[in-house]
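Numbering (the UniProt record's numbering), first residue to last: 1 to 81.
Beta carbons: idealized from backbone N, C-alpha and C, even for Gly.
In what follows, a single structure is set out as structure tokens and then discussed.
Here it is in structure tokens:
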């Protein structure tokens, strides 16, 4: 197994765990841990895709990670910083 395979597998596992926890109601999509798991998982998958020069997935995973990062710093409506 190549290094890129190990990195990609790790990222996919993180994404799937977050998805499973969300589907089973154990982790809300509004939870910061969910967003963090998506950021780390997507970033890891994006990096692995970059390592193998598969740029469509680099774009997909980079956007996914960026959106997750934004959600980490989002302030809910009706609250103040």
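Cα-Cα separation, residue i to residue j
i: residue 50; j: residue 8; result: 10 Å
i: residue 30; j: residue 48; result: 27 Å
i: residue 10; j: residue 25; result: 23 Å
i: residue 69; j: residue 2; result: 28 Å
i: residue 56; j: residue 67; result: 17 Å
i: residue 18; j: residue 62; result: 18 Å
i: residue 74; j: residue 35; result: 11 Å
i: residue 52; j: residue 27; result: 32 Å
Proximity below 8 Å, CB of residue i to CB of residue j
i: residue 38; j: residue 64; result: yes
i: residue 41; j: residue 14; result: yes
i: residue 32; j: residue 72; result: yes
Assumed close pair residue i, residue j - CB separation to whole angstroms, cut-off 8 Å
i: residue 58; j: residue 46; result: 5 Å
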